[in-house]
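Read the structure below first, then the notes.
Number of protein chains: 4
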Amino acid sequence: MSKIAFIGLGHMGLPMACNLVKAGHEVSGFDLVPSALEQLVAAGGKASNSARDAIEGVQIVVSMLPASRHVEGLYLGDDGLLSYIQAGSLVLECSTIAPDAARKVHAAAAQMGIEMLDAPVSGGTAGAAAGTLTFMTGGAAATLEKAREILAAMGKNIFHAGPAGAGQVAKVCNNQLLAVHMLGTAEAMALGVANGLDPSALAEIMRQSSGGNWSLEKYNPWPGVMENAPASHDYSGGFATELMTKDLGLAQEAAQSTGSSTPMGSLALQLYRLMIKQGKGKLDFSAVQKLFVE
Amino acid sequence: MSKIAFIGLGHMGLPMACNLVKAGHEVSGFDLVPSALEQLVAAGGKASNSARDAIEGVQIVVSMLPASRHVEGLYLGDDGLLSYIQAGSLVLECSTIAPDAARKVHAAAAQMGIEMLDAPVSGGTAGAAAGTLTFMTGGAAATLEKAREILAAMGKNIFHAGPAGAGQVAKVCNNQLLAVHMLGTAEAMALGVANGLDPSALAEIMRQSSGGNWSLEKYNPWPGVMENAPASHDYSGGFATELMTKDLGLAQEAAQSTGSSTPMGSLALQLYRLMIKQGKGKLDFSAVQKLFVE
Amino acid sequence: MSKIAFIGLGHMGLPMACNLVKAGHEVSGFDLVPSALEQLVAAGGKASNSARDAIEGVQIVVSMLPASRHVEGLYLGDDGLLSYIQAGSLVLECSTIAPDAARKVHAAAAQMGIEMLDAPVSGGTAGAAAGTLTFMTGGAAATLEKAREILAAMGKNIFHAGPAGAGQVAKVCNNQLLAVHMLGTAEAMALGVANGLDPSALAEIMRQSSGGNWSLEKYNPWPGVMENAPASHDYSGGFATELMTKDLGLAQEAAQSTGSSTPMGSLALQLYRLMIKQGKGKLDFSAVQKLFVE
Amino acid sequence: MSKIAFIGLGHMGLPMACNLVKAGHEVSGFDLVPSALEQLVAAGGKASNSARDAIEGVQIVVSMLPASRHVEGLYLGDDGLLSYIQAGSLVLECSTIAPDAARKVHAAAAQMGIEMLDAPVSGGTAGAAAGTLTFMTGGAAATLEKAREILAAMGKNIFHAGPAGAGQVAKVCNNQLLAVHMLGTAEAMALGVANGLDPSALAEIMRQSSGGNWSLEKYNPWPGVMENAPASHDYSGGFATELMTKDLGLAQEAAQSTGSSTPMGSLALQLYRLMIKQGKGKLDFSAVQKLFVE
């Protein structure tokens, strides 16, 4: 079993850290929110006073932070954490951030002789709690092999997307596509119902036909079609509209850096921003259904 | 076994009629193209000189025509086929047409005491040949039960979408959603590859994650990712861009009649029309990938 | 001075008919709404009991109706008005309808030896009242010359767009472009203000620069920038969102019939439909500004 | 008359610098391209070996560079030009860059006691040569008054958009709106012509009606409608597609930083990127017309 520092104990980070504890690892965590630290201690982890404190005597660092600027702020700069992590250590950076930001941290880590994976996740808070997250990782294949046991304690599907930054690229591509087919599904449901179809019948036909996609399979946006989907619970829980909007923004940053044209993905972003303007940012992202229904 | 008239022996209709023959039915077919009639005869069917000729002594009529105007032209009007079909007969109208056009034919058939299903298909020419089409049917549930054995000779999945016209509505909703996730998939593939990912690795990650959809499962638009997909054969075969464009136009007609907002679906239509302007209308619809790659 | 029948005395038709009276013409009007007839009589016109009654002894017919089906219903069919209008008469069809519908009426009129113009207007109820409408006309140039004096009593700018139906085509092209630059203006205003600019300063800069357009010149969508614009009066008055939505739908019908790709125009339609879903259909069409502001 | 340093003598910067010379100023210029320096000397200016060299003994600095990174690279950092410019000097930064980048340079300049305007231009190379550019400026109103005479030697319309960065914001808002109405105009032209209208007649009707905009007034995208527009000269000259694409990208950066929704503007960006994929990046931006014509 390993000693692991875990930086960032939010809605995702805390249950991930707890799963590491459950798997027998010794976890020293840090977060700015005291109650998060208390919950980690209650679960059998150790609270640290700072990120620097957390990495003391540790060769594996996991981080889970809100955005690029927090990750760059944590690791980079003369006084950044990379200056204090031992050479030969392993950094698993699980935040969803811009590929370019991830590559900057990779480059700095490499200079220090530290191995790193960008390893953003999908699966939401439910997947974090259940230890069934999907990891999309970027970095050396050998580094992934070293990290696999640690990641397996937190997730089920572990993909190697490619070199440094590739995990972030795969994540934004996937989430952009998810937003596109969720919107497409919501439009098709509204169009069919307006034209007289029963929502459950339509959903089932498309699910089994060439319209089939993950939104129809697991997460139908029409209330009542799936008992367990957020749509059937006032669009509460799940993956918030404002988080999807953030990911779509990262996809557009990636598109900007390569001049890629993404008409559907950028329209999805604009429509999600309209929802936020309407005060629906905290609702599950399947609440785009509301745009299309009177 | 039944006597069946089959009107419209094109790329879809001919193999469908042949499957009815194979299943033991007595099929009298009509088409304006002599070679189509010859092929039906070669397969064991009977050639008729006209649609009226074909329905002589027959109580089941199947039709497969290009567009609303052909279907209305065939069945409606003082001299339309409905005036000559025996009361109590069964009409299976398999063309993909506007829901409103289908409802008009339904109404006229009902007045004549003829039972009818609108029963558009998906599955393409390959599905038509293999007898594995999907039927999305609209009309009375009892009518579907009478038709089931006939349909089963031509297809595998048989859905009851709802009342008259509902089959057409389900079809256009499904195909609009298909176009949306195909475009979303093509964009995501191009974005990922431009940002350094291997196309097969990216495709596999998204297929197994929340981006998953039928395009990734069966029909990847990136050349070389799937051996059997049209993308790996210069986008030949499959479902032509101009046919997808036609279906997206029908979806917009349905949206217009109900005032439904479909930003993704209508953008998909506009992008498919751009492809036709570029002379790519005969290519498989997954060739939208070309829009996004230099 | 002439005897003129005027069919359709709604918000637009009534003031147009009154302007014909004012110009010295003898106007017999018909509408299904009794109060409209009373207003015409009060202005010096004559009330008729039916359209057929109104055209009695008259060689000039003007019509102003809500949609294609009303126009087709009025003029076409065995008992349509064209069967009762004298050969050699002049029909000025001012409704905004589908180009194809206009062409159908043109063809039927030509068979009867009746001259016709499709002559849709822009300028709204204010222009109708002031007699400053713009007419976009389709039909023979010689017919326009015969009609010019009549049209001049109701409008200021009289354009000859081309042959039969061309007036309607010009109208839908113009109004689609209007919707596009109104949306573009609203987006630019919201983007600039969110980034710290004063709305009036930004509006003035763009108006005088290459962003300049009619919305900035006459009809700024940001409240308070222009004293007299609907935006400064809770988006009341002006040109209703649901009327703009109707015109954008006609533009899409025209695009469908020629396979034209109009990504901006169709997106505008979808966004206007979203506004109607939000219950804003009666507001002036510049209220799209609300979509982009918290 | 003043001594002025001019950094960046490209297609825009060189004629601007020459106009300063013509107005009687003493201009020392710097550019990495020797022939640009030679042209400045031929026009009566002075060539410098470096930016540092150029600002020697000078209290007014004008810069015109391609992108944010060049401007930040020039002015910022320990060895940046701001460290060498005398306190009390005036910096006129005329490049089109991200508002956030402009604000960074403003803040650094303020710390050094240097007055600055962000002063991006519109009007293209023709306007630069003729001295008829439009300046959209951000910074203190008093600074603009000091700069007015200098700017007036290069341009005709000088706007004060607001505080630091506001010039850039106004520029990206304006250019996004320009792209939107150019696309809207190109779509409307193609739709009208496909439906049988004469392009010049349609253009004139819309120009005088509510569709009116700068593209119709000065820059019609349909070949042959305006003798002097790039469209009538194979879309050569004018404002390149790739430069418009750059500005639309800056607009999306600004939208991202405020969460602004810009469906039309972002769709315009995606369509311009499609043009670049098709190898049309060097054509004038009105060549979007080609997307919509067979």
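Order-wise, the sequence lines are chains R, E, U and B.
In terms of numbering that gives the first Met the number 0, the first sequence opens at residue 0 and continues consecutively.
In terms of numbering that gives the first Met the number 0, the second sequence opens at residue 0 and continues consecutively.
In terms of numbering that gives the first Met the number 0, the third sequence opens at residue 0 and continues consecutively.
In terms of numbering that gives the first Met the number 0, the fourth sequence opens at residue 0 and continues consecutively.
Glycine included, every Cβ here is placed at the ideal spot set by N, Cα and C.
I'd like the list of long-range same chain contacts for residue i, defined as Cβ closer than 6 Å, with 5 residues on each side in sequence excluded.
{"i": "A53 (chain B)", "result": "A4, S27, F29 and S47"}
{"i": "A163 (chain B)", "result": "R102, H105, G137 and G138"}
{"i": "M11 (chain B)", "result": "M63 and A127"}
{"i": "G236 (chain R)", "result": "P229"}
{"i": "S214 (chain B)", "result": "H180, M181 and T184"}
{"i": "I296 (chain E)", "result": "Within the shown structure, residues of chain E are numbered from 0 to 293, placing residue 296 (chain E) beyond reach of any answer."}
{"i": "A42 (chain R)", "result": "C17 and V20"}
{"i": "L83 (chain R)", "result": "Strictly speaking, residue 83 (chain R) in this sequence is Tyr, with Leu absent from that position. Hits under 6 Å: R51."}
Could you tell me the boundaries of the beta strand (DSSP E) in which residue i lies?
{"i": "N156 (chain U)", "result": "G154 to G161"}
{"i": "S62 (chain U)", "result": "I59 to S62"}
{"i": "K2 (chain B)", "result": "K2 to I6"}
{"i": "S27 (chain R)", "result": "E25 to F29"}
{"i": "E226 (chain E)", "result": "Segment: none, E226 (chain E) is in no beta strand (DSSP E) and carries neither H nor E."}
{"i": "D117 (chain E)", "result": "E114 to D117"}
{"i": "E92 (chain B)", "result": "L89 to E92"}
{"i": "T136 (chain U)", "result": "L132 to G137"}
Whole-angstrom Cβ separation of residue i and residue j, contact assumed at under 8 Å?
{"i": "A50 (chain U)", "j": "L80 (chain U)", "result": "6 Å"}
{"i": "M0 (chain B)", "j": "A127 (chain B)", "result": "Not really, about 21 Å apart at Cβ, beyond 8 Å."}
{"i": "T240 (chain U)", "j": "Y271 (chain U)", "result": "6 Å"}
{"i": "G195 (chain U)", "j": "G161 (chain B)", "result": "6 Å"}
{"i": "I204 (chain B)", "j": "M181 (chain U)", "result": "Actually they do not touch by this definition, with Cβ atoms about 18 Å apart."}
{"i": "E148 (chain U)", "j": "L116 (chain U)", "result": "Rounded, the Cβ-Cβ distance is 13 Å, inconsistent with contact."}
{"i": "Q269 (chain E)", "j": "T261 (chain U)", "result": "6 Å"}
Is it true that the CB of residue j sits closer than 7 Å to the CB of residue i?
{"i": "A140 (chain U)", "j": "H159 (chain U)", "result": "yes"}
{"i": "A286 (chain U)", "j": "G264 (chain U)", "result": "no"}
{"i": "N300 (chain R)", "j": "S208 (chain E)", "result": "Only positions 0 to 293 of chain R appear in this structure, which leaves residue 300 (chain R) out of reach."}
{"i": "S256 (chain R)", "j": "A189 (chain E)", "result": "no"}
{"i": "V168 (chain U)", "j": "A267 (chain U)", "result": "no"}
{"i": "E114 (chain E)", "j": "L143 (chain E)", "result": "no"}
{"i": "A35 (chain E)", "j": "L19 (chain E)", "result": "no"}
{"i": "G72 (chain U)", "j": "P119 (chain U)", "result": "no"}
{"i": "V57 (chain R)", "j": "K2 (chain R)", "result": "yes"}
{"i": "L39 (chain U)", "j": "L8 (chain U)", "result": "yes"}
{"i": "E326 (chain B)", "j": "K276 (chain E)", "result": "Because chain B spans 0 through 293 in this model, residue 326 (chain B) falls outside it and cannot be assessed."}
Which value, in whole angstroms, describes the spacing of the CA atoms of residue i and residue j?
{"i": "G211 (chain R)", "j": "A254 (chain E)", "result": "21 Å"}
{"i": "A187 (chain U)", "j": "G223 (chain U)", "result": "16 Å"}
{"i": "A100 (chain E)", "j": "R206 (chain E)", "result": "37 Å"}
{"i": "Q85 (chain B)", "j": "V70 (chain B)", "result": "18 Å"}
{"i": "L176 (chain R)", "j": "G154 (chain B)", "result": "46 Å"}
{"i": "Q110 (chain E)", "j": "I96 (chain E)", "result": "21 Å"}
{"i": "A152 (chain B)", "j": "Q288 (chain U)", "result": "38 Å"}
{"i": "P98 (chain R)", "j": "E216 (chain E)", "result": "26 Å"}
{"i": "K170 (chain U)", "j": "S121 (chain U)", "result": "8 Å"}
{"i": "I6 (chain E)", "j": "A22 (chain E)", "result": "18 Å"}
{"i": "E25 (chain U)", "j": "S94 (chain U)", "result": "21 Å"}
{"i": "N227 (chain U)", "j": "K279 (chain U)", "result": "20 Å"}
What are the boundary residues of the alpha helix (DSSP H) that includes residue i?
{"i": "D302 (chain B)", "result": "This structure cannot speak to residue 302 (chain B), because chain B is shown only from 0 to 293."}
{"i": "G126 (chain E)", "result": "G123 to A129"}
{"i": "G280 (chain E)", "result": "Premise fails: G280 (chain E) is in no alpha helix (DSSP H) and is neither H nor E."}
{"i": "V32 (chain E)", "result": "Premise fails: V32 (chain E) is in no alpha helix (DSSP H) and is neither H nor E."}
For residue i, collect the residues of the same chain with a Cβ closer than 7 Å to its Cβ; drop the 5 residues on either side in sequence, then sort them by chain order.
{"i": "Y234 (chain B)", "result": "L282, D283, S285 and A286"}
{"i": "A108 (chain U)", "result": "L81, V90 and M115"}
{"i": "A66 (chain R)", "result": "I96"}
In chain order, what residues of the same chain lie with their CB nearer than 8 Å to the CB of residue i, ignoring the 5 residues before and after it?
{"i": "L242 (chain B)", "result": "F284"}
{"i": "G87 (chain E)", "result": "Q58, G112, I113 and E114"}
{"i": "E37 (chain E)", "result": "A46"}
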